[in-house]
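FYI, our numbering numbers position 89 of the sequence shown as 89, with every residue one higher than the one before it. What follows is a set of notes on a single structure, which appears directly below.
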Amino acid sequence: MTTNLGLSIIITLITLFISLTPTLTKSEEGIDVFLPITLNLTVLTDPFSISAASHDFGNITDESPGAVLCPSSPTEVARLLGFANGGFSYNGVSTIPEPTFKVAARGQGHSLRGQASAPGGIVVNMTCLAMAAKPAAVVVSADGTYADVAAGTMWVDVLKAAVERGVSPVTWTDYLYLSVGGTLSNAGIGGQTFRHGPQISNVHELDVITGKGKMMTCSPKLNPELFYGVLGGLGQFGIITRARIALGHAPTRVKWSRILYSDFSAFKRDQERLISMTNDLGVDFLEGQLMMSNGIVDTSFFPLSDQTRVASLVNDHRIIYVLEVAKYYDSTTLPIIGQVMDMLSRTLGFAPGFMFIQDVPYFDFLNRVRNEEEKLRSLGLWEVPHPWLNIFVPESRIQDFHDGVINGLLLNQTATAGVTLFYPTNRNKWNDRMSTMSPDEDVFYVIGLLQSAGGSQNWQELENLNDKIIQFCENSGIKIKEYLMHYIRKEDWVKHFGPKWDDFLRRKIMFDPKRLLSPGQDIFN
Ligand code: FAD
Numbered sequence: 001m002t003t004n005l006g007l008s009i010i011i012t013l014i015t016l017f018i019s020l021t022p023t024l025t026k027s028e029e030g031i032d033v034f035l036p037i038t039l040n041l042t043v044l045t046d047p048f049s050i051s052a053a054s055h056d057f058g059n060i061t062d063e064s065p066g067a068v069l070c071p072s073s074p075t076e077v078a079r080l081l082g083f084a085n086g087g088f089s090y091n092g093v094s095t096i097p098e099p100t101f102k103v104a105a106r107g108q109g110h111s112l113r114g115q116a117s118a119p120g121g122i123v124v125n126m127t128c129l130a131m132a133a134k135p136a137a138v139v140v141s142a143d144g145t146y147a148d149v150a151a152g153t154m155w156v157d158v159l160k161a162a163v164e165r166g167v168s169p170v171t172w173t174d175y176l177y178l179s180v181g182g183t184l185s186n187a188g189i190g191g192q193t194f195r196h197g198p199q200i201s202n203v204h205e206l207d208v209i210t211g212k213g214k215m216m217t218c219s220p221k222l223n224p225e226l227f228y229g230v231l232g233g234l235g236q237f238g239i240i241t242r243a244r245i246a247l248g249h250a251p252t253r254v255k256w257s258r259i260l261y262s263d264f265s266a267f268k269r270d271q272e273r274l275i276s277m278t279n280d281l282g283v284d285f286l287e288g289q290l291m292m293s294n295g296i297v298d299t300s301f302f303p304l305s306d307q308t309r310v311a312s313l314v315n316d317h318r319i320i321y322v323l324e325v326a327k328y329y330d331s332t333t334l335p336i337i338g339q340v341m342d343m344l345s346r347t348l349g350f351a352p353g354f355m356f357i358q359d360v361p362y363f364d365f366l367n368r369v370r371n372e373e374e375k376l377r378s379l380g381l382w383e384v385p386h387p388w389l390n391i392f393v394p395e396s397r398i399q400d401f402h403d404g405v406i407n408g409l410l411l412n413q414t415a416t417a418g419v420t421l422f423y424p425t426n427r428n429k430w431n432d433r434m435s436t437m438s439p440d441e442d443v444f445y446v447i448g449l450l451q452s453a454g455g456s457q458n459w460q461e462l463e464n465l466n467d468k469i470i471q472f473c474e475n476s477g478i479k480i481k482e483y484l485m486h487y488i489r490k491e492d493w494v495k496h497f498g499p500k501w502d503d504f505l506r507r508k509i510m511f512d513p514k515r516l517l518s519p520g521q522d523i524f525n
């Protein structure tokens with residue numbers, strides 16, 4: 001718990017300045033909020049608001065802000081950041097001492113290690129901005145090619161608004177109750193990434209309030225340094241208030257398939273072949289999971305009559321590789337569906353008799369993790385510590401990773417709790433000017449060890465396992481990149497960004513020179 005006397009003084013000052021008249025001046029880069037304005041902000045300091053902003057999905061950290069801002073317009077956020085910059089003056093005379101508090105945007109707080117926290121500072125609740133957005137949080141363009149979205153909006157709400165118009169974003173995270181600003185600050189990856197790239201590759205334009213309190217619109221052509229910096233930028237350069245998201249046609253239904261393999265080489269070969277097929281005859285979604293006999297074998301996807309033989313397959317082989325693919329369709333594309341399903345059943349090298357298909361509405365398919373959440377919540381297993389490890393492994397070393405980490409470390413654990421994701425993706429739709437890091441190979445694997453603590457295991461034990469995995473990769477020369485990572489040592493950040501570190505630092509100096517933004521990432525503290 002952090003207390004901050006400076007902050008309470010600042011809050012008092014915020015109240016004092018209510019009587020000043022607002023004046024915004026236009027500068028070259030945007031609207032300058034440094035000159036005489038009233039702050040006229042209401043910040044929340046009640047225990048409930050503070051507590052809610054202190055925790056996240058990871059359930060490992062507890063970092064109290066001094067206050068929470070629930071803004072009703074982007075200009076309120078700009079005023080706050082202008083004020084936090086210490087540039088508050090009246091008639092050219094500095095009226096208050098330079099404040100020293102930090103500011104973090106918080107979307108849905110689904111970070112794992114306090115990345116959206118602002119210890120002793122101010123957390124900006126982005127949901128408030130989405131709720132106050134005019135005319136609506138999601139506005140689909142007349143031609144249906146893009147949507148302007150308030151960044152605090154959850155992806156599930158973007159989906160709902162878009163499908164009403166017969167359109168949809170093209171690339172998704174597995175879970176939709178994440179904010180647009182939150183996933184764009186990381187990358188936003190999932191089973192459509194091999195075709196369309198991550199979510200950050202499907203944004204046309206952003207409105208951002210920089211760490212200096214300037215409201216700027218950016219795109220590949222307009223203020224590109226800010227645009228590329230913010231995408232995957234871990235909240236370091238500005239607070240995104242609006243994103244223009246690319247849309248495509250929304251199908252109505254999905255053939256959703258889980259296909260079981262006992263042989264890793266066949267699983268790997270088929271996954272990689274399918275992600276190379278990006279024409280109409282390929283699948284629209286591809287992921288993969290591991291089912292291990294030392295974990296909870298969830299057979300609920302499969303027909304009741306097949307669940308016992310699936311469980312036996314896992315017990316017999318100790319590990320089963322689950323290829324998960326989906327093909328979208330509607331009345332216009334119905335003929336292709338038969339061809340694609342036929343291609344899958346004829347050409348893939350899965351365990352004979354272990355291909356299962358469900359036919360579901362598009363919305364239900366994209367929203368599939370919501371059911372898992374509800375199940376886990378009802379068992380009291382959602383709000384537990386989540387020491388997750390997400391890494392990208394270059395394809396050239398995935399066999400070594402599999403042998404050392406999956407066969408070596410994970411299968412030898414007494415028990416595992418949680419899902420292990422294991423699937424390849426193409427790198428050709430990732431843009432190196434953006435801040436997110438990925439391995440330097442055309443194909444890399446997304447590995448998600450999504451473990452939950454609870455029961456007999458505590459999170460430190462699972463964290464030790466994560467450390468061993470990282471150490472194994474280090475010792476074996478496997479050049480992984482962590483995703484959703486949290487480092488506390490500067491050298492780890494410098495190593496993570498590698499050749500991009502100088503650009504990252506330069507952009508920080510350019511857009512947030514006082515290092516106010518997203519302190520919970522621990523990059524510049
Ligand atoms: P928060 O936790 O609120 O914030 C994350 C970071 O972004 C913080 O540093 C915050 O300050 C900053 N930030 C938030 N909003 C803004 C903004 N508007 N402008 C600038 N900075 C901002 N990720 C994937 O890529 N693919 C997945 O399939 C996936 N599945 C997930 C499933 C679950 C159940 C969970 C818990 C997470 C999953 N994630 C996945 C990770 C998720 O994308 C990130 O944790 C993301 O940051 C969550 O969004 P949020 O709104 O909760 O962000």
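Each residue gets a CB set at the ideal place from its N, CA and C atoms; glycine is no exception. All of these numbers come straight from a predicted model, not from anything done at the bench.
Check: For Ile488, which residues in the same chain have their Cβ closer than 6 Å to its Cβ, ignoring the five residues on either side in sequence?; Outcome: Asp522
Check: Please name the residue, chosen from Val170, Cys473, Lys495 and Trp155, that lies closest to Asp284 on a Cα-to-Cα basis.; Outcome: Val170
Check: Would you kindly work out how many angstroms separate the C-alpha atoms of Thr21 and Tyr228, rounded to a whole number?; Outcome: Here Thr21 scores only 31 on pLDDT, less than 50, and its place in the model should not be relied on; the value that follows carries that caveat. Rounded to the nearest angstrom, the two C-alpha atoms are 36 Å apart.
Check: Hey, would you say Gly190 sits closer than 9 Å to Asp207, going by beta carbons?; Outcome: no
Check: Spell out a yes or no on whether the segment 250-264 and the segment 114-133 are touching, meaning 3 or more CB-CB pairs, one atom from each, closer than 8 Å.; Outcome: no
Check: Tell me the DSSP secondary structure of Pro473 in three-state form.; Outcome: The identity of residue 473 in the sequence shown is Cys, whereas the question assumes Pro. Note: Cys473 maps to helix in three-state DSSP.
Check: Rounded to a whole number of angstroms, what is the C-alpha to C-alpha distance between Thr420 and Ile209?; Outcome: 37 Å
Check: For a test of your reading of the model: does the CB of Asn186 fall under 8 Å from any non-hydrogen atom of the ligand FAD? Yes or no.; Outcome: yes
Check: Candidates Phe302, Glu287, Val297 and Trp256: which alpha carbon is nearest Leu323's?; Outcome: Glu287
Check: Does the segment 323-342 come into contact with the segment 223-243, if we say contact requires no fewer than three beta-carbon pairs (one atom in each stretch) closer than 8 Å?; Outcome: no
Check: Could you check whether the Cβ of Met277 sits closer than 8 Å to any heavy atom belonging to the ligand FAD?; Outcome: no
Check: State the Cα-Cα distance for the pair Arg377 and Leu516, rounded to the nearest angstrom.; Outcome: 35 Å
Check: I'd like the list of long-range same chain contacts for Asn315, defined as Cβ closer than 7 Å, with 5 residues on each side in sequence excluded.; Outcome: Ser293
Check: With a CB to CB cut of under 6 Å and the five nearest residues on each side skipped, what residues in its chain are close to Trp493?; Outcome: Tyr487 and Ile523
Check: Quick check: is any heavy atom of the ligand FAD less than 8 Å from the C-beta of Glu164?; Outcome: no
Check: According to DSSP, which residues form a beta bridge with Ser257?; Outcome: Val325 and Ile357
Check: Using only the alpha-carbon positions, how far apart do Leu304 and Asp280 sit?; Outcome: 33 Å
Check: Taking the C-alpha atoms as reference points, what is the distance between Tyr329 and Phe301?; Outcome: 21 Å
Check: Where does Pro224 land, buried or exposed, given buried means 16+ other C-beta within 10 angstroms?; Outcome: exposed
Check: Tell me which residues share the same chain as Tyr177 and place their Cβ nearer than 8 Å to its Cβ, disregarding the 5 neighbours each side in the sequence.; Outcome: Gln108, His110, Met154, Trp155, Val156, Arg370 and Glu373
Check: Give the single residue among Ala243, Arg195, Trp430 and Asp143 whose Cα lies nearest to the Cα of Ser201.; Outcome: Trp430
Check: With 16 as the cutoff for other CB atoms within 10 Å, does Thr25 come out buried or exposed?; Outcome: Residue confidence is low: Thr25 scores 39 on pLDDT, short of 50, so the model does not pin down where it sits. Its coordinate-derived value is still stated next. Exposed.
Check: If we count Cβ pairs, one from each stretch, closer than 8 Å, do we get three or more for the segment 45-53 versus the segment 75-83?; Outcome: no
Check: Sorted by chain position, which residues of the same chain lie with C-beta nearer than 7 Å to Ala311's C-beta, five sequence neighbours on each side aside?; Outcome: Val297 and Thr299
Check: My understanding is that Ile391 touches Tyr483, with C-beta atoms under 8 Å, so please give their C-beta distance in whole angstroms.; Outcome: 7 Å
Check: Give the secondary structure of Asp512 by DSSP, where H, G and I count as helix, E and B as strand, and everything else as coil.; Outcome: coil
Check: DSSP three-state call for Leu112: helix, strand or coil?; Outcome: coil
Check: In chain order, which beta strand (DSSP E) runs of at least 3 residues are fully inside the segment 338-393?; Outcome: 355-361
Check: In angstroms with no decimal places, state the Cα-to-Cα distance between Leu450 and Leu389.; Outcome: 7 Å
Check: Kindly indicate which residue of Pro513, Leu505 and Val446 has the alpha-carbon position closest to the one of Lys481.; Outcome: Val446
Check: Can you find a heavy atom of the ligand FAD that lies under 8 Å from the Cβ of Thr420?; Outcome: no
Check: Indicate whether Pro361 and Val254 have their beta-carbon atoms separated by less than 9 Å.; Outcome: yes
Check: In angstroms with no decimal places, state the Cα-to-Cα distance between His55 and Pro65.; Outcome: 10 Å
Check: In chain order, what are the residue ranges of uninterrupted beta strand (DSSP E) at least 3 long that sit wholly in the segment 211-283?; Outcome: 215-218, 238-249 and 253-261
Check: For a test of the three-state rule: what should DSSP assign to Gly82, helix, strand or coil?; Outcome: helix
Check: With distances taken Cα to Cα, identify the nearest neighbour of Ser459 among Val325, Lys490 and Val384.; Outcome: Ser is not the amino acid found at residue 459; the sequence shown has Trp there. Ranking Val325, Lys490 and Val384 by Cα distance to Trp459 puts Val384 first.
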